[in-house]
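Student:
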Amino acid sequence: MKKILYLIVGVIVFSIIGVAYSYSFSNSPATITYTQMMENMETESMTQMMRQIPEDVIIKVHSSQTVYQDEKAEIVLQVLDKTSNLPLENADVLVGIEKGASMTSMHLQGGMFYADSRANGHYIVSFTPTEKGIYTLHVHVVPEGKSMHSMMQNHLDIGIVSKPTRG
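Numbering follows the numbering used here, in which position 141 of the sequence shown is assigned residue number 1066; successive positions increment by one, without gaps.
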């Protein structure tokens, strides 16, 4: 009788351990679905935020958006106040350059940097594309007197096409 009782207790204990072990290392469909859903929500939220039009400023491109591989390129931007339509002189214009279309890799080449300020609200973005293809300028504007948090509300992605070296 004791042997049968020990056998039953042993089977129950090993069953519980086996179920707990398999549950802790399994990728059940519910877990995958929830994880994927959360990742999709984060990606959609970021994409939606990055595609909003700037709240306080207007960003215009005043140069060609076609550049050449291995040649220094200068992209001229003009930043205007959205309510007055006047040029914004003392704004901080931060730029990140992504190889590829917007939000495809989010690997910025060299990190964020400030565009060079010129007169009449013009800002110069200089970079040298190392490959032919599409580049994205992530332009963030912090108007004078605003906090750095406003850079996400004043963001615009600008597509640049890099052609093979001339010649």
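We put the beta carbon where it would ideally sit given N, CA and C, even for glycine.
(1) Could you give the uninterrupted runs of the beta strand (DSSP E) lying entirely in the region 988-1063, keeping only those of 3 residues or more?
(2) Drop a sphere of 10 angstroms on the beta-carbon of serine 1087, count the other beta-carbons inside from all chains shown, and report buried for 16 or more, exposed for fewer.
(3) Take valine 982 and list the residues in its own chain whose beta-carbon comes closer than 7 Å to its own, dropping the five residues that flank it on each side.
(4) Roughly how many whole angstroms lie between the Cα atoms of threonine 1029 and glutamine 994?
(5) Could you check what DSSP says for serine 1087 in three-state terms: helix, strand or coil?
(6) Around the Cβ of serine 1075, are there at least 16 other Cβ atoms within 10 angstroms (buried) or fewer (exposed)?
(7) Please work out which residues of its chain come closer than 6 Å, Cβ to Cβ, to isoleucine 1000, disregarding the five sequence neighbours upstream and downstream, and give them in chain order.
Tutor: Looking at the atomic coordinates:
(1) The qualifying runs are 991-993, 998-1006, 1017-1024 and 1047-1052.
(2) Under a 10 Å Cβ-count criterion, serine 1087 is classified as buried, with 16 or more other Cβ atoms of the shown protein chains found around its own Cβ.
(3) The beta carbon of valine 982 lies closer than 7 Å to those of Val1004, Leu1005, Asp1006, Lys1007, Leu1013, Val1066, Pro1068 and Asn1079 in the same chain, with the five residues before and after it left out.
(4) For threonine 1029 and glutamine 994, the distance between alpha carbons rounds to 20 Å.
(5) Reduced to three states, the DSSP call for serine 1087 is strand.
(6) So serine 1075 ends up on the buried side.
(7) In its chain, beyond the 5 residues on either side, Ser988 and Val1050 have a beta carbon closer than 6 Å to the beta carbon of isoleucine 1000.
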